[in-house]
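A short write-up of the structure that comes next.
Number of protein chains: 2
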Amino acid sequence: MRIGELARRAGVSTRALRYYEQQGLLPARRSSNGYRDYDEADLKLVSEIRSLLTVGFTLEDARPFVDCLRAGNEAGNACPESVEVYRRKLAEIDEQIRTLLGRRAEVASQLADACPRCAIRTGATT
Amino acid sequence: MRIGELARRAGVSTRALRYYEQQGLLPARRSSNGYRDYDEADLKLVSEIRSLLTVGFTLEDARPFVDCLRAGNEAGNACPESVEVYRRKLAEIDEQIRTLLGRRAEVASQLADACPRCAIRTGATT
DNA sequence: GTAACCCTTGACATCAACGTCAATGTCAAG
DNA sequence: CTTGACATTGACGTTGATGTCAAGGGTTAC
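Each protein sequence line maps, in turn, to chains A and B. The opening residue of the first sequence carries number 1 in UniProt numbering; numbering runs sequentially from there. The opening residue of the second sequence carries number 1 in UniProt numbering; numbering runs sequentially from there.
Here you go:
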C-alpha cells in the first residue's frame, strides 16, 4: 500500500510516517515510480509506535520495540531492551507523579493562604 | 542596582531578566547610560516569578501575580486574578496527575505482560 | 488533454523559556 | 591609555513531533 492508505489505516498523517522513516523507525520499500510501498507488517509497526507515543514515550523510547518487531518477534515488547525501556519509563513516570504531587501540595497551600475559604473542598491537607 | 546584581541576587541569568522585561513582566528604569536600573521591589518581582515557574506556572500564568505586586500589594496572590490562576493550575495539575496515573497503569500492565517476573515489586495492581 | 488525486523532496513554522554568540558601548582602576 | 568587567541590542539555536506550504512528477478517468 502507499503512504496515504497506511496513514489512513493507522490514523496518522503522512508527514508523521515520513518523519518516522527519517528517524530510522519505518524504512520503506519503493515502487518503480519512487512511491513508498508498505505492507501489513508496517501497519503493525506504526500501531506500535502510536500506542507507545500515547503513553508518553518518545520515538527514541519506541525504537527498541520497533527493532524487536522487525527482528521477527510477534510483539514489540518481547525483547529485553524493550522491557528495560518499560522499567525506565515507569521510573520516569513515577518521578513525574511525585513532582506533580509536590507541586499540587505547594499550590494548594498557597491558595489556602491567599483565600482561606477556597481551600475547604480541596481534600489534601499536606 | 544593575542587571548583573539583580541576576546574582535572584539566582537567574541576565538573559532571563531581559526576557521577562520583553514579556512585559519586569519593566526596567534606565540610567542615563542606558543601563537597566532595578530596586528591591524588582527583586521581589523576580522572586515571585521564579517561585511560580518552579511549580510549573508559565510566565503568562505569573502575570497576574506580578501585576498584583506592582499594584502595591504586599503579596502577589492578594488579588482575585491570582487566586483564579491558582485554582486553574490546581485543576491542570490534577488532570496531569490523572493522566500520568493512567499511563503508569498502562505501562505497568504492559511490563507485566512482557516480563511477568518483573512485576513482582511494582505495587499497583490496576 | 486535462482534471483530480496521489506522490516526491525540501524547508520553514510551532511552543517556552531561555542559552549563546556577535558586535559594540560604558566606566572604573591601574 | 588600556585592560577588564560590566552593559546594550539583535538574532539564531535548543527540544520533539509534527503542520504546512512550495514546486513539481505520476496515475487514472473521462
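We treat Cβ as the ideally placed atom computed from N, Cα and C, and that holds for glycine.
Residue i in three-state terms, based on DSSP
i	result
A/ARG104	helix
residue 136 of chain A	Coverage of chain A is limited to positions 1 through 126, which leaves residue 136 of chain A absent and any answer about it impossible.
A/ASP37	strand
B/THR10	Reading off the sequence, residue 10 of chain B comes out as Ala, not Thr. Three-state result, B/ALA10: helix.
A/GLU74	coil
A/THR58	coil
A/CYS115	coil
A/GLN23	coil
B/CYS68	helix
B/ARG63	helix
A/ARG18	helix
A/ARG2	coil
Straight-line Cα distance separating residue j from residue i
i	j	result
B/GLN96	A/LEU100	8 Å
A/GLU92	A/ARG9	31 Å
B/LEU45	A/LEU52	41 Å
B/ARG103	B/ASP37	48 Å
A/GLU5	B/THR58	40 Å
B/ASN77	B/PRO27	20 Å
B/GLY11	B/ARG18	14 Å
B/ASN73	B/ASP42	13 Å
B/THR14	B/CYS68	24 Å
B/ARG63	B/ARG87	15 Å
A/ALA75	B/GLN23	49 Å
B/ARG29	A/ALA108	35 Å
A/GLU56	B/ASN33	Sequence check: residue 56 of chain A is Gly here, not Glu. Their backbone Cα atoms lie some 50 Å apart in a straight line.
B/ARG70	B/LEU90	24 Å
A/LEU111	B/TYR20	24 Å
B/ALA16	B/PHE65	18 Å
A/VAL83	B/ARG117	11 Å
A/TYR35	A/GLU81	33 Å
A/SER31	A/CYS79	32 Å
A/ASP61	A/VAL85	7 Å
B/THR54	B/ARG98	20 Å
A/SER47	A/ILE3	14 Å
A/LEU25	A/ASP39	15 Å
A/ALA114	B/ALA7	28 Å
A/MET1	A/ALA105	52 Å
B/ILE49	A/ARG50	37 Å
B/ASP94	A/ASP94	15 Å
Could you run through the segment 39-70 of chain A and flag, in chain order, every residue whose CB is less than 7 Å away from some CB of chain B? Flagged, chain order: VAL55 and GLY56.
Please name the residues in the segment 72-101 of chain B whose beta-carbon is closer than 8 Å to at least one beta-carbon of chain A, in chain order. Listed in sequence order: ALA75, ASN77, ALA78, SER82, VAL83, TYR86, ARG87, LYS89, LEU90, ILE93, ASP94, GLN96, ILE97, LEU100 and LEU101.
According to a CB-to-CB cut-off of less than 8 Å, which residues of the segment 105-116 of chain A neighbour chain B? Those would be GLU106, VAL107, ALA108, GLN110, LEU111, ASP113, ALA114 and CYS115, in chain order.
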